[in-house]
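In the working numbering, the protein residues as written are 248 to 775.
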């Protein structure tokens, strides 16, 4: 593969920062790597997979977003859709057939051409469970593309999507990372190895991945938007927020995200650093496994909701910087139901409900809690401690499980928890991305469930499918409000908090903008 030769010299290297200049040692790097500017980005955890069809976590998406392109994408300053690999698109009158005119002259990083056949190949991997080139990809977002009946190449640069029904969110689904266009040749050649050797058309070309240490990407000088402003990016997992802040202050890294609230304050106070923030379309929540006793009883789920003191979580773990959540849909996003109120913090009511449900005092609860900070939950250890104590106060015995991030996702996606901490940062700035992704029965399928509550309400499903097919936003809003009212009554999960996104930067980092979808878009980032 062309990208393998391009990066052959990047294997087994070490980095030294001297007077703001990064030196690459221990190898014979490509000429571009020796002379270019290297941006080092500190993040809270490592990626899990680099195959867009296989990914479901934000750390993996940080690479996927920069190595791949989608047919349509988001405006740099917001969530409006703009052309990307598709220059234009036209729906038929019924909204069931969409014709896309593709950008010509684009090549994948392996020097094979981007064309309509590559688009057909990419989407067949997503929608066809029997497609031979899935190569072990779990396709956790398959339900989001189930509306697609077929994809056909009408000419080398024209592709037609036929939908099973009209869809008000089809274009937004195409801008999501699972729809990133992959190189058919690379997928066929690498098979399951594509998960760790991705080949796209994006602004950066994958270099190497040393799990737990670093992941490198080099600028794609042939990108259709033009070359990025830095020649290399290194994504470095640094598990503790305080450690990320120390390395940021010391100049070992240029940027850092997923910062705890105390660390955010320290960055603000450091004259050599800058903290950027923007409203976050995210929600931290507690999922209760509705298929496992005793959480298959709504009285038990409501008891948990009454047992959780969200004000205490807001004061302690978020230090007043988050917003208490009342529904799963963020307050910063259209579709949020303002009329729904939280169940009151009432431990005595919780005890009463548990007694009515026949739950004996001392009942053990398998409680999965992540170790490392996330954009929606910067101090999960504090949230875990608070929730554990509050569950004990109503007579339950929580047993905490905190595997590493990859295993955490695998185990909760397989339904191995009674309750778990989780959260969601929007993929497409639409309420469907919260309600359908996290609470529809079609996403409650192990081993890669997104609906970690395993909540399977037929009335909610009917409302969400109707909302997907509705093109009038006002009518969609009413459907989402009705769905949120049913969800609130059934109480499959407990929404906790929303939090603004934040990134810490050294003063010589320019051009980077936080995106409301949470995507880390690095092609315009410069080192001055």
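Using N, Cα and C, we set each Cβ at its ideal position, and we do this for glycine too.
Going along the chain, which residues of its own chain have a beta-carbon closer than 8 Å to the beta-carbon of residue 785, five neighbours each way excluded?
-> Here the chain comprises residues numbered 248 to 775, so residue 785 is not present and cannot be evaluated.
Can you tell me the Cβ-Cβ gap for residue 491 and residue 765, rounded? I've got them flagged as a contact below 8 Å.
-> Along the chain shown, read from residue 1 onward, the residue named residue 491 stands at position 244. Along the chain shown, read from residue 1 onward, the residue named residue 765 stands at position 518. Contact flag wrong, Cβ pair sits at about 17 Å.
Who are the Cβ neighbours of residue 396 in its own chain at under 7 Å, not counting the five residues just before and after it?
-> As a position in the chain shown, residue 396 is number 149, starting the count at 1. For residue 396, same chain residues with a beta-carbon under 7 Å away, outside a window of 5 residues either side, are 409, 410 and 411 in chain order.
How is the alpha helix (DSSP H) around residue 652 delimited, first residue to last?
-> One-based indexing of the chain shown puts residue 652 at position 405. Counting along the chain, the alpha helix (DSSP H) containing residue 652 begins and ends at 652-660.
Give the DSSP-derived three-state secondary structure of residue 800 in the structure shown.
-> Only positions 248 to 775 of the chain appear in the structure, and residue 800 is not among them; the question remains open.
Given residue 316 as reference, the closest of 377, 343, 387 and 446 once Cα atoms are compared | Counting from one through the chain shown, the residue named residue 316 turns up at place 69. It is 446 whose Cα lies nearest to the Cα of residue 316.
Closest Cβ-Cβ distance between residue 697 and chain B: below 8 Å?
-> No chain B is present in this structure, which holds just one protein chain.
Ignore the nearest five residues each way along the sequence and tell me which others in residue 782's own chain have a CB closer than 6 Å to its CB.
-> In this structure the chain extends from 248 to 775, so residue 782 is not present and cannot be described.
Quick one: what's residue 741 bridged to in DSSP?
-> As a first step, residue 741 is located in the chain shown; it is residue number 494 there, counting from the start. Beta-bridge pairing links residue 741 to 533.
Buried versus exposed call for residue 448 [16 or more other C-beta atoms within 10 Å across all chains shown] = Residue 448 sits at position 201 when you count from the first residue of the chain shown. Within 10 angstroms of the beta-carbon of residue 448 lie 16 or more other beta-carbons, which makes it buried.
Would you mind stating whether residue 506 and residue 749 have Cβ atoms separated by less than 8 Å?
-> Locating residue 506 in the chain shown gives position 259, counting from the first residue. Locating residue 749 in the chain shown gives position 502, counting from the first residue. For residue 506 and residue 749, yes; Cβs fall inside 8 Å.
Alpha-carbon to alpha-carbon, residue 746 and residue 718 = The residue you call residue 718 lines up with position 471 of the chain shown. The residue you call residue 746 lines up with position 499 of the chain shown. Taken atom to atom, the span from the alpha-carbon of residue 718 to that of residue 746 is near 30 Å.
Can you tell me whether residue 205 is buried or exposed, with buried defined as 16 or more other CB within 10 angstroms of its CB?
-> Coverage of the chain is limited to positions 248 through 775, which leaves residue 205 absent and any answer about it impossible.
Can you check whether the CB of residue 681 is closer than 8 Å to the CB of residue 601?
-> To locate residue 601, count along the chain shown from 1; it is residue 354. To locate residue 681, count along the chain shown from 1; it is residue 434. No, they are not a contact pair.
For residue 497, count neighbouring Cβ atoms within 10 angstroms of its own Cβ and tell me buried if that reaches 16, exposed if not.
-> One-based indexing of the chain shown puts residue 497 at position 250. Burial call: exposed.
Please report the Cβ distance between residue 733 and residue 704, rounded to the nearest whole angstrom; I am assuming they are in contact, meaning their Cβ atoms lie under 8 Å.
-> To locate residue 733, count along the chain shown from 1; it is residue 486. To locate residue 704, count along the chain shown from 1; it is residue 457. Correct: roughly 6 Å between the Cβ atoms.
Have a look at residue 658 and residue 687 and give me their C-alpha separation to the nearest angstrom.
-> As a first step, residue 658 must be located in the chain shown, where it is residue number 411. As a first step, residue 687 must be located in the chain shown, where it is residue number 440. Whole-angstrom Cα-Cα distance: 19 Å.
Write down the C-beta distance between residue 450 and residue 475 rounded to the nearest angstrom, noting that I regard them as a contact closer than 8 Å.
-> By 1-based counting over the chain shown, the position of residue 450 is 203. By 1-based counting over the chain shown, the position of residue 475 is 228. Taking 8 Å as the upper bound for CB-CB distance, residue 450 and residue 475 are in contact here, some 5 Å apart.
Alpha helix (DSSP H) segment containing residue 601, residue limits | Translated into positions along the chain shown, residue 601 becomes position 354. For residue 601, the enclosing alpha helix (DSSP H) begins and ends at 594-603.
First through last residue of the alpha helix (DSSP H) which encompasses residue 682 | Within the chain shown, numbered from 1, the residue matching residue 682 stands at position 435. In the DSSP annotation of this structure, the continuous segment of the alpha helix (DSSP H) that includes residue 682 starts and ends at 679-686.
How big is the Cα-Cα spacing for residue 328 and residue 675?
-> Start at 1 with the first residue of the chain shown, and residue 328 comes out as number 81. Start at 1 with the first residue of the chain shown, and residue 675 comes out as number 428. Rounded to the nearest angstrom, the two C-alpha atoms are 10 Å apart.
In chain order, what residues of the same chain lie with their CB nearer than 7 Å to the CB of residue 443, ignoring the 5 residues before and after it?
-> Against the chain shown, residue 443 aligns to sequence position 196. A distance below 7 Å between beta-carbons, with the five flanking residues on each side excluded, links residue 443 to the following residues of its chain, in chain order: 297 and 456.
The beta strand (DSSP E) with residue 484 in it runs from where to where?
-> Residue numbering aside, residue 484 sits at position 237 when the chain shown is read from its first letter. Element bounds for residue 484: 479-484.
Counterpart residues of residue 648 in DSSP-defined beta bridges = In the chain shown, the residue the question calls residue 648 occupies position 401. As a beta-bridge residue in DSSP terms, residue 648 pairs with 615.
Neighbourhood of residue 423 by C-beta distance below 6 Å, restricted to the same chain and skipping five residues each side | As a first step, residue 423 is located in the chain shown; it is residue number 176 there, counting from the start. Hits under 6 Å: 674 and 675.
List the whole-angstrom C-beta distance separating residue 677 from residue 419, where the pair is believed to meet the contact cut-off of C-beta under 8 Å.
-> As a position in the chain shown, residue 677 is number 430, starting the count at 1. As a position in the chain shown, residue 419 is number 172, starting the count at 1. Residue 677 to residue 419, Cβ: 5 Å. Contact.
Regarding residue 457 and the ligand PLP, is the C-beta to nearest heavy atom distance less than 7 Å?
-> Absent from the structure shown: the ligand PLP. Ligands present: none.
Taking residue 727 as the reference, which of 740, 712 and 663 has the closest Cα?
-> As a first step, residue 727 is located in the chain shown; it is residue number 480 there, counting from the start. Distance from the Cα of residue 727 is smallest, within the candidate group 740, 712 and 663, for 712.
According to DSSP, which residues form a beta bridge with residue 581?
-> Here the question's residue 581 lines up with position 334 in the chain shown. DSSP, once it has assigned bridges, lists no residue as partnering residue 581.
Nearest neighbour of residue 465, chosen from 285, 578 and 596 [CA to CA] | Sequence index remark: in the chain shown, residue 465 carries index 218 (1-based). The shortest Cα separation from residue 465 among 285, 578 and 596 belongs to 285.
Rounded C-beta distance between residue 763 and residue 325? I'm assuming under 8 Å.
-> On the chain shown, residue 763 is found 516 positions in, with the first residue counted as 1. On the chain shown, residue 325 is found 78 positions in, with the first residue counted as 1. By a beta-carbon distance limit of 8 Å, residue 763 contacts residue 325. Their separation comes to about 6 Å.
With burial defined as no fewer than 16 other Cβ atoms inside 10 Å of the residue's Cβ, what is the status of residue 435: buried or exposed?
-> As a working note, residue 435 is residue 188 in the chain shown. Under this definition residue 435 is an exposed residue.
What runs of the alpha helix (DSSP H), each 4 residues or longer, lie entirely inside the region 398-457?
-> 417-421 and 431-437, all fully within the region 398-457.
Quick one, which of 708, 685 and 585 has its alpha-carbon nearest residue 740's?
-> Counted from its first residue, the chain shown places residue 740 at position 493. Checking every option, the nearest Cα to that of residue 740 belongs to 685.
Assign residue 720 to one of two classes, buried (16 or more other C-beta atoms within 10 Å of its C-beta) or exposed (fewer than that).
-> Working through the chain shown from its first residue, we reach residue 720 at position 473. Per the 10 Å Cβ criterion, exposed.
C-alpha distance - residue 319 paired with residue 767, whole-angstrom precision = Translated into the one-based positions of the chain shown, residue 319 becomes position 72. Translated into the one-based positions of the chain shown, residue 767 becomes position 520. Those two C-alpha atoms are separated by around 17 Å.
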